[in-house]
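Chains as they are written, first to last, in the numbering used here: chain A, 215 to 510; chain B, 861 to 1157; chain C, 537 to 983.
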Amino acid sequence: MSKFKKFAKNNIGFFFCLPWLIGFLVFKLYPFCSSLFYSFTDYNLFKGMTQFTLKNYINVFANDTERTALLVTFKYAFMTVPLKLVFALFIAYILNFKIKGVNFFRTAYYIPSILGGSVAIAVLWKALFKDDGVIHTLFALFGASSPSFLSDPGWALFIICLLRVWQFGSAMVIFLAALKGVPNDLYEAASIDGAGKWKQFFSITVPLITPVIFYNLVTQLVQAFQEFNGPFIITQGGPLNSTTLMSLLIYNNAFKIYDMGKASAQAWVLFVILMIFTLIAFWSQKHWVYYQDEGR
Amino acid sequence: MTTAVKTISDSQKKIRNRRIRSTVIRYVVLILVGIIMIYPLIWMIGATFKTNSEIFTSLNPFPSNPTLQGYIDAMANYGGKINIWLAMLNTYKFVIPEVIFTLISCTLTAYGFSRFEFKGRNIMFTLMLAMLFLPQVVLNVPQYMMYQKWGWVGSELYLPLWVPSMFATESYFVFMLVQFLRNIPRDLDEAAKIDGCNAMQILIKIIVPMLMPAIVSCALFKFMWSSNNFMGPLLYVNKPAYYPATIFVKLSMDSDAGFNWNRILAISLISILPNITVFFLAQNQFVDGISAGGVKG
Amino acid sequence: MKKGLFGSVMTSVLAASMLAGCSSAAAPAATAAAASVDSKSASEYDTCTIRFDWWGGDTRHAATQKAVDAFMKKYPGITVEVNFGAWTDWETARALEYQSGTGSDLTQINYSWISDYDADGNTFLDLNTESSIIDLTQYDSTLLKTCEDSKGQLAGIPLAVTGRTFYWNKTTFTKAGISTPTSLDELLAAGKTFKEKLGDDYYPLELGEYDRMLLVSFYLQAQTGEPIIDASGKLTVTQDQLKDGLDFIQKLEDNHVIPTLATIAGDGNVTLNENPKFIDGHYAGVFEWDSAPAKYIKNLGEGQELVVGGELKGLGDKATGVSDKVSMLFAITKTSEHPHEAAMLLNYLVNDEEGVTILGSERGIPSSKAAYDILDKAGKIDKTVAAAHKAVMDADPMSFSPLFDNAKLKGTSAAYTTIFDAVSYGKQSTEEGAKALYQAYMEVCKN
Chain A
215 MSKFKKFAKN NIGFFFCLPW LIGFLVFKLY PFCSSLFYSF TDYNLFKGMT QFTLKNYINV
275 FANDTERTAL LVTFKYAFMT VPLKLVFALF IAYILNFKIK GVNFFRTAYY IPSILGGSVA
335 IAVLWKALFK DDGVIHTLFA LFGASSPSFL SDPGWALFII CLLRVWQFGS AMVIFLAALK
395 GVPNDLYEAA SIDGAGKWKQ FFSITVPLIT PVIFYNLVTQ LVQAFQEFNG PFIITQGGPL
455 NSTTLMSLLI YNNAFKIYDM GKASAQAWVL FVILMIFTLI AFWSQKHWVY YQDEGR
Chain B
861 MTTAVKTISD SQKKIRNRRI RSTVIRYVVL ILVGIIMIYP LIWMIGATFK TNSEIFTSLN
921 PFPSNPTLQG YIDAMANYGG KINIWLAMLN TYKFVIPEVI FTLISCTLTA YGFSRFEFKG
981 RNIMFTLMLA MLFLPQVVLN VPQYMMYQKW GWVGSELYLP LWVPSMFATE SYFVFMLVQF
1041 LRNIPRDLDE AAKIDGCNAM QILIKIIVPM LMPAIVSCAL FKFMWSSNNF MGPLLYVNKP
1101 AYYPATIFVK LSMDSDAGFN WNRILAISLI SILPNITVFF LAQNQFVDGI SAGGVKG
Chain C
537 MKKGLFGSVM TSVLAASMLA GCSSAAAPAA TAAAASVDSK SASEYDTCTI RFDWWGGDTR
597 HAATQKAVDA FMKKYPGITV EVNFGAWTDW ETARALEYQS GTGSDLTQIN YSWISDYDAD
657 GNTFLDLNTE SSIIDLTQYD STLLKTCEDS KGQLAGIPLA VTGRTFYWNK TTFTKAGIST
717 PTSLDELLAA GKTFKEKLGD DYYPLELGEY DRMLLVSFYL QAQTGEPIID ASGKLTVTQD
777 QLKDGLDFIQ KLEDNHVIPT LATIAGDGNV TLNENPKFID GHYAGVFEWD SAPAKYIKNL
837 GEGQELVVGG ELKGLGDKAT GVSDKVSMLF AITKTSEHPH EAAMLLNYLV NDEEGVTILG
897 SERGIPSSKA AYDILDKAGK IDKTVAAAHK AVMDADPMSF SPLFDNAKLK GTSAAYTTIF
957 DAVSYGKQST EEGAKALYQA YMEVCKN
């Protein structure tokens, strides 16, 4: 009994994490292992499996459609993540000041995220960007001609990216929470020392919230790679597969063709990519992220 | 005693004008960007009063011949089985437990990961993060098989939807809370320990109050994500009387028969009103007040 | 990797779960009820609860619920639990139910679900065993043959047969000074007239990617006299013939008969009935199922009139090229514990006077002779749908293979969309498009 007590005393943290461990073993382990298993087979939900194969993984890079989807997904992620982070942090900083009606502004900026994948967004986005839609009319007012966003393969991805960046509200809220943790007296002291708002931002605010910037960077990257709703409901992956992200192919394979082997392999390729990016991010932490609980 | 200064010097006037100008610019920018942000909501509200053809042909967000038909249709009750109010009630039957359980389990887990060293911590943390990387889509089928073996499919208590949240399955929140926790200096922890508090008491009395903005954010997001969950209810709810709002919205969206968008948008609007309200009310967590000063050195 | 208790627990759980996954990865559970012929009469039944699901729009939900309530009143003791929703994603949830053996007792299924989910005959009950309850004589025997699964069992009762036909916006054609086209030549001429008389943005017809493939199949079938995919699942056309079909579509585009897919995308990526250019008459023709004109008529702008055009003559000389298919069926799952009662409900809905009258033509024009007569006498058959259906049937249609709609071919990012987009946008020639299309078919067909 005392051995257990000793173990408990030295490993209290383990008991706090116990709910997670139980949840992982009971709810997550089986589905994860199943999908990893399927990815090495040609398992079809209704036809069963006939063989083990690496074909699914090879096809992600060899098959034209899949390789293009992977590239489009990369493009999408690297276009939206930096923009979204910058807007979110910038607006959060502005909204952290005492401004009249700040509550209304914050709610207004969060509305896009609330509308989220709502059917209204699909209808609206198409109405905005169609050939004689609102955006086109605005351009015409200034005497310019707008590209045909919905039918030009070079521009369709742009409006999908725009949709994501427009929904920066959730990242903004997290930054707001982080900004709250920066003590006001630091700002006051800096003002007295003559530092302007911008200097304060870069010297005080940013360093103190790097853990949260890190969080948003990683999670936004993960979410961008797994984005599904936008391209699915607005462009259906078109035109000419220019907005076909990997997630659309995975969805098709998993829920329409029921080729679980293929869908799983595609999903696990994304998993590995995200794992690599996250490992890099974690490794880079020591250069730019400061945690206040460790006095680094 | 100094006498009141009757005139302001020129340079002070310049400073004041500059401040007024920057304030005006700030407000103008905020309002303009704000309009872009809420334009879709305005459009959506306007569309709930338009007819189908007007929605598709007109660019004006405001209806030219407003009609209440959308809202009237939204009150349909499908043979008495399900209506919009019941659907929303159903949504909160599982969303609220989900939020509560998520907050508790994720906070406990985050505390464990960030404040303690223990055997297997790094592996568990890596696994916890790794859960984020696999798209949920490929997990749906094995999960369905699993729940079906346990008899949870079709559960009237919505078991598959909220039971997992008791076990910190939302890695997004565990990770978020870990990052915020690691930004809280340990000085107060140490002080409380010396005073005789055990780990749980430190968590409840010291950590949680300082973690409040992050916890509130988690609650907001979980509330929103859960109320927007479509796949979960689609697979695990199979009685119309138990349909939540996300399924209810799509009930009449049959492309073969054609449908009226004003009604769909009315139902959508009504179902996101709670989200907007909750967010608005949670604002005071983000305003200066509680623990704004952080830890004084 | 930390060894010890933790490590070994993890490895054994991992191993156990993989093995568990292995066993459930095998063929779907078939805890089949006895497949012997049901000899109980309709008046003897057990007190039980059965589940019934269907998809549809509001009116269908309302009518079906009413019919179910009437059924429960007529046969007290049988409780029917219903599940209903819209078509989107309905199939996903139901497919998982069929796979795991938890499907409803009575279920509404799509035509392709027999080959998709009942390939081994273990999902849906052979309804021949319920022939004492379900009056199979009301159905044409060749029709019933198309509803059989690979083992020759009757997998479902066909509810309605549907085919595609043309509908024209008479108002626009009148504006252009011509009558609505009845042949391919007239349609080609109309394209020219529209461009000259009405302008560049007026077209006599609009076709999306799937519509184009369907029209190509009509065109090829008219020339070969055979369905494009025959009853055994083989593709009956060559790659060159597919190229010919793609050229045919290209000809329609070049002659201003149909707008390019780029134009349609630019219109806002909406379905035709929601496209403002259709609503105000710029797109003056629709190629649609005979059961679905309502949503077009409902949305059409003021003063416009949509009329049934019937089939186009002159697509080829061997046949009209028209094909039809069973639109949907009622099936009983093999895992149902009360097939007898489920069959009673089925027969009530499709053959019984009371049930049929309540349901009306919510599921199209009924295939059951009895149902058709009842509705016809009561005047409940929609005139437009009836006219369209007659046009399809008069064209001596061939049978549609469910493989035509296979998920690898039809749907987002599937073959039809990708290939027709590429050809219409000019990214592929019709030669390359035909090659890709042929390869796509080879993956699905039984050649």
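C-beta: ideal position from N, C-alpha, C; glycine also.
Nearest to residue i (by Cα), restricted to the options the options
| i | options | result |
| --- | --- | --- |
| Lys1009 of chain B | C:Glu580, C:Asp912, C:Met880 and C:Gly637 | C:Gly637 |
| Ser859 of chain C | C:Ile765, C:Thr893, C:Leu882 and C:Tyr974 | C:Ile765 |
| Ser1131 of chain B | B:Ser1112, B:Phe1108, B:Ile891 and B:Ile964 | B:Phe1108 |
| Ala950 of chain C | A:Ile423, A:Leu390 and A:Asn467 | A:Asn467 |
| Leu1094 of chain B | B:Pro1020, B:Asp1047, B:Lys953 and B:Ile983 | B:Pro1020 |
| Tyr307 of chain A | A:Ala404, A:Trp497, A:Ala392 and A:Leu431 | A:Ala392 |
| Glu967 of chain C | C:Gln777, C:Ala696 and C:Lys849 | C:Gln777 |
| Phe266 of chain A | A:Phe254, A:Ala302 and A:Asn443 | A:Phe254 |
| Tyr429 of chain A | A:Ala385, A:Lys413, A:Phe318 and A:Pro397 | A:Ala385 |
| Asp933 of chain B | B:Trp1121, B:Leu1048 and B:Lys1082 | B:Trp1121 |
| Leu1041 of chain B | B:Gln1003, B:Leu946 and B:Ile1075 | B:Ile1075 |
| Leu243 of chain A | B:Gln872, B:Tyr1096, B:Gly1118 and B:Pro1002 | B:Pro1002 |
| Gly357 of chain A | A:Ile349, A:Leu364 and A:Ala341 | A:Ile349 |
| Phe985 of chain B | B:Gly1014, B:Tyr1103, B:Val1034 and B:Tyr938 | B:Val1034 |
| Ser1115 of chain B | C:Thr710, C:Glu877, C:Gly592 and C:Val573 | C:Gly592 |
| Gln434 of chain A | A:Leu462, A:Thr294 and A:Met489 | A:Thr294 |
| Asn705 of chain C | C:His818, C:Ala828 and C:Lys963 | C:His818 |
| Leu750 of chain C | C:Leu939, C:Thr710, C:Val862 and C:Arg700 | C:Arg700 |
| Asn920 of chain B | A:Met263, A:Thr351 and A:Ile427 | A:Thr351 |
Start and end residues, alpha helix (DSSP H) containing residue i
| i | result |
| --- | --- |
| Lys602 of chain C | Asp594 to Lys610 |
| Phe230 of chain A | Ile226 to Phe230 |
| Phe995 of chain C | Coverage of chain C is limited to positions 537 through 983, which leaves residue 995 of chain C absent and any answer about it impossible. |
| Cys1057 of chain B | Cys1057 of chain B -> no alpha helix (DSSP H), and no H or E assigned at all. |
| Cys966 of chain B | Ile944 to Arg975 |
| Asp589 of chain C | Looking at the DSSP string, Asp589 of chain C is not in any alpha helix (DSSP H); the run it does join, the beta strand (DSSP E), is Cys584 to Trp591. |
| Met1113 of chain B | Element bounds for Met1113 of chain B: n/a, residue is neither H nor E. |
| Val333 of chain A | Val333 to Phe343 |
| Ser248 of chain A | Leu243 to Ser253 |
| Gln929 of chain B | Gln929 to Ala934 |
Nearest-angstrom Cβ-Cβ length linking residue i and residue j, presumed shorter than 8 Å
| i | j | result |
| --- | --- | --- |
| Glu742 of chain C | Pro795 of chain C | 6 Å |
| Leu782 of chain C | Val959 of chain C | 6 Å |
| Leu459 of chain A | Pro900 of chain B | The Cβ separation is near 22 Å, so there is no contact. |
| Ile693 of chain C | Ile670 of chain C | 6 Å |
| Gly621 of chain C | Leu1111 of chain B | 6 Å |
| Gly852 of chain C | Gln759 of chain C | 4 Å |
| Asp957 of chain C | Pro453 of chain A | 6 Å |
Residue interval of the beta strand (DSSP E) (run including residue i)
| i | result |
| --- | --- |
| Phe469 of chain A | Segment: none, Phe469 of chain A is in no beta strand (DSSP E) and carries neither H nor E. |
Cβ pair residue i, residue j closer than 9 Å
| i | j | result |
| --- | --- | --- |
| Ile226 of chain A | Phe978 of chain B | yes |
| Ser904 of chain C | Gln601 of chain C | no |
| Val1097 of chain B | Tyr1018 of chain B | yes |
| Gln975 of chain C | Ala855 of chain C | no |
| Lys261 of chain A | Ala943 of chain C | no |
| Ala798 of chain C | Ser327 of chain A | no |
| Met880 of chain C | Ile614 of chain C | yes |
| Ala691 of chain C | Asp652 of chain C | no |
CB contact below 9 Å: residue i versus chain F
| i | result |
| --- | --- |
| Ala599 of chain C | As a matter of chain content, chain F is missing from the structure shown, whose protein chains are A, B and C. |
Completely contained alpha helix (DSSP H) runs for the stretch 382-426 of chain A, where each covers 4 or more residues:
383-394, 398-406 and 411-414
In chain order, which alpha helix (DSSP H) runs of at least 4 residues are fully inside the stretch 827-891 of chain C?
830-835 and 875-886
Enumerate, from N- to C-terminal direction, the unbroken alpha helix (DSSP H) stretches of 4 or more residues contained entirely within the stretch 619-651 of chain C.
626-636
Quick check for students: name the residue ranges of the alpha helix (DSSP H) that lie wholly in the stretch 743-780 of chain C, counting only runs of 4 or more.
Listed in chain order, the complete alpha helix (DSSP H) runs (minimum 4 residues) inside the stretch 743-780 of chain C are 745-760.
Within the stretch 1033-1088 of chain B, note down every full alpha helix (DSSP H) run reaching 4 residues or more, in order along the chain.
Correct list: 1047-1054, 1059-1062 and 1068-1087.
Alpha helix (DSSP H) runs contained entirely in the stretch 795-823 of chain C, provided each spans 4 or more residues
797-802 and 812-815
Runs of beta strand (DSSP E) lying entirely within the stretch 905-948 of chain C, each at least 3 residues, in chain order:
none
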